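Note that the sequence shown covers residues 275 to 736 in the working numbering.
Backbone N, C-alpha and C fix where the C-beta goes; we use that ideal spot for every residue, glycine too.
Being a predicted model, the structure only gives us computed values, none of them experimental.
Here the structure comes first, spelled out in structure tokens, and everything after it is commentary.
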Amino acid sequence: MNTMTRVLLMLIAALTFTGASGVTRQVYQLDINDEIGSVTWRHTRAALDEASEMGHPLLLLHLNTYGGSVEHADSIRTALLHYNGPVVAFVDNNAASAGALIALACDSVYMRPDASMGAATVVNGADGAAMPDKYQSYMRAMMRATAESHGRDSAGNWRRNPAIAEAMVDSRLAVAGLIDSTKVLTFTPDEAIRWGYADGKASTVEDVLSQLNVTNYAIKKFEPSWEVTLLGFLTNPAFQAILIMIIAGGIYFELQTPGMGFPSAAALIAAVLYFLPLCLGGIISTWVVILFVIGLILLLLEIFVVPGFGVTGISGLAAMAVALFMGLFENFSFISPDNVDGGIDTHAIAYSILTLLGGLALATGAILYLTSRRGPAFIRNRAELSHRQDADKGYIGVDTGLTRYVGMEALTVTDMRPSGKIRIGDDGNFDAVSVHGFIEAGTTVKVLRFSGAQLYVEKIAE
275 MNTMTRVLLM LIAALTFTGA SGVTRQVYQL DINDEIGSVT WRHTRAALDE
325 ASEMGHPLLL LHLNTYGGSV EHADSIRTAL LHYNGPVVAF VDNNAASAGA
375 LIALACDSVY MRPDASMGAA TVVNGADGAA MPDKYQSYMR AMMRATAESH
425 GRDSAGNWRR NPAIAEAMVD SRLAVAGLID STKVLTFTPD EAIRWGYADG
475 KASTVEDVLS QLNVTNYAIK KFEPSWEVTL LGFLTNPAFQ AILIMIIAGG
525 IYFELQTPGM GFPSAAALIA AVLYFLPLCL GGIISTWVVI LFVIGLILLL
575 LEIFVVPGFG VTGISGLAAM AVALFMGLFE NFSFISPDNV DGGIDTHAIA
625 YSILTLLGGL ALATGAILYL TSRRGPAFIR NRAELSHRQD ADKGYIGVDT
675 GLTRYVGMEA LTVTDMRPSG KIRIGDDGNF DAVSVHGFIE AGTTVKVLRF
725 SGAQLYVEKI AE
């Protein structure tokens, strides 16, 4: 191949890349403007699937988020790192906490002049307090691994210094010339550009594409369907904990009441809402659902066929608990950031266990409340033995104390035909029944037994 041919081919390639050749460049835009959670993760998965069907065009993330769930942010950053096309982030105006992790996963980052990025410390959602160090360690590892994924330049320097990524999480880490060990790092646009964490400043999406030399383009924006949004809501860990509460509570109340009623219907509906979105989304394996159904069948056998509560019932409950846990466990991408060859992330396992235990704790609390004196009467009445056998309803009490006379001698006061009256010592007269024929009054008899609120006697042989 001669020199002229090489130059011509290079010119054609350059014109194709910049759009100067007149060929329209496809750009796929995904907006992440809300708190990061299961819905965001669902939208990202759907967007990446659609972009892949389009041939992996340039993916532009329009970011403006203060963060959210670390687990879902981890899934999003993993999906972005595995996307087979260029990924560009436009930070407009915030990429905080989990949002910084997502921005860090992109090939290029552009920020509005007044934007900020960083502050990735893991905090408690209830009061905003920093979580224990094991959570910070996990976040540091994710940030470090994401920065390292961008590799080194020709001089052997990190394109994005992993130590800086860790400093966004841990205030104890210092970076010479950037931040001391008393603050959590948050970048301004100029700082991010200086330290290699941003490629430029831009005010609009069009400005970002212009700086990328993409001048002839067509933008396709992701439009979430209601199905994807609904599936994201149903797979939210908080909602899943509520569903687990309803399943556990429904099973408990069903065991306390005869027949099949509202508790079993509520538990069944909750189970469908729990597993159906996971199945439709291809998140869980079929065997997980089969295991839950097997556990349900074993529990029904325990209720209606097998007397008492033993191995069958315990096995059924155990199978259902394992299925519920595996539904949570398979709900995320669990590749450990420290393991480039893949592997199970123990933090995700712990998170699944906490969600399951949280649902069971909610169920326990609900059961204790609903069956207490403060709970609704119609539920309490079905869950406890509340029927009273009052005398005005025709019920009478039986004095079982007469059993103390069994084996004693008595004197018949009236003829026994075969019933009559007997006198026992100085305790008075009592009704009695002869077990062998008639007995005349004034005859000595022996009390044989007490049964059915009645004394039974026989004549003592002379």
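Assuming residue i and residue j form a contact by the criterion Cβ under 8 Å, report the distance between their Cβ atoms to the nearest whole angstrom.
i, j, result
"Val361", "Leu333", "5 Å"
"Ala522", "Leu447", "About 43 Å separates the two Cβ atoms, so there is no contact after all."
"Arg299", "Tyr491", "4 Å"
"Glu576", "Thr560", "Not really, about 25 Å apart at Cβ, beyond 8 Å."
What are the boundary residues of the beta strand (DSSP E) that includes residue i?
i, result
"Ala353", "Per DSSP, Ala353 belongs to no beta strand (DSSP E); it is in the alpha helix (DSSP H), Val344 to Leu355."
"Ile686", "With the sequence shown as reference, residue 686 is identified as Thr, and Ile is not the correct amino acid for it. Element bounds for Thr686: Glu683 to Thr686."
"Leu729", "Gln728 to Lys733"
"Thr339", "Leu332 to Thr339"
"Ser725", "Thr718 to Ser725"
"Lys394", "Per the sequence shown, residue 394 should be read as Ala rather than Lys. No beta strand (DSSP E) contains Ala394, which DSSP labels as neither H nor E."
"Val362", "Val361 to Ala370"
"Asp700", "Run containing Asp700: none; DSSP gives neither H nor E here."
"Ala492", "Tyr491 to Lys495"
How would you call residue i, buried or exposed, if buried means at least 16 neighbouring beta carbons within 10 angstroms?
i, result
"Thr737", "Outside the displayed span of the chain (275 to 736) sits residue 737, for which this structure offers no information."
"Asp700", "exposed"
"Thr290", "Only weak support is given to the placement of Thr290: the predicted model assigns it a pLDDT of 46, under 50, and the value that follows is read from those uncertain coordinates. Thr290 comes out exposed."
"Trp500", "exposed"
"Ala403", "exposed"
"Lys495", "exposed"
"Met328", "exposed"
"Ser646", "exposed"
"Leu258", "This structure does not reach residue 258, given that the chain is present from 275 up to 736, and the question cannot be answered."
"Gly675", "exposed"
"Phe578", "exposed"
"Phe461", "buried"
"Val344", "buried"
"Gly716", "exposed"
"His346", "buried"
"Val563", "buried"
"Val580", "exposed"
"Ser725", "exposed"
"Thr489", "exposed"
"Glu714", "exposed"
"Glu480", "exposed"
Locate the alpha helix (DSSP H) running through residue i, then write down its first and last residues.
i, result
"Met385", "No alpha helix (DSSP H) contains Met385, which is instead part of the beta strand (DSSP E) from Ser382 to Met385."
"Met416", "Asp407 to Glu422"
"Asp689", "Looking at the DSSP string, Asp689 is not in any alpha helix (DSSP H), and its letter there is neither H nor E."
"Asp323", "Ser312 to Glu327"
"Val579", "From DSSP, Val579 is part of no alpha helix (DSSP H); its letter is neither H nor E."
"Leu459", "Here Leu459 belongs to no alpha helix (DSSP H), and DSSP marks it neither H nor E."
"Leu529", "Pro511 to Gln530"
"Ser538", "Phe536 to Leu554"
"Ser708", "That residue, Ser708, is in no alpha helix (DSSP H); its beta strand (DSSP E) goes Asn703 to Ser708."
"Leu508", "Trp500 to Leu508"
"Leu304", "Where Leu304 is concerned, there is no enclosing alpha helix (DSSP H), although the beta strand (DSSP E) it sits in stretches over Arg299 to Ile306."
Are residue i and residue j closer than 8 Å when you measure CB to CB?
i, j, result
"Val244", "Tyr526", "Here the chain comprises residues numbered 275 to 736, so residue 244 is not present and cannot be evaluated."
"Leu483", "Val301", "yes"
"Arg414", "Asp444", "yes"
"Gly359", "His317", "no"
"Val680", "Val721", "yes"
"Gly218", "Leu573", "As shown, the chain starts at 275 and ends at 736. That puts residue 218 outside it, with no answer to give."
"Leu642", "Ile518", "no"
"Ser693", "Val709", "no"
"Phe704", "Met690", "no"
Is there at least one Cβ from chain D nearer than 8 Å to residue i's Cβ?
i, result
"Gly451", "The displayed structure is made up of one protein chain only, and chain D is not part of it."
Tell me, please, whether the region 447 to 455 touches the region 380 to 393 by the rule of three or more beta-carbon pairs shorter than 8 Å.
Output reads no: the region 380 to 393 does not touch the region 447 to 455.
Is it true that the region 308 to 321 meets the region 336 to 350, where meeting means three or more beta-carbon pairs spaced less than 8 Å apart?
yes
Does the count of Cβ pairs from the region 550 to 568 and the region 594 to 604 closer than 8 Å reach three?
yes
Cβ contact check for the region 418 to 434 and the region 502 to 516: 3 or more pairs under 8 Å:
no
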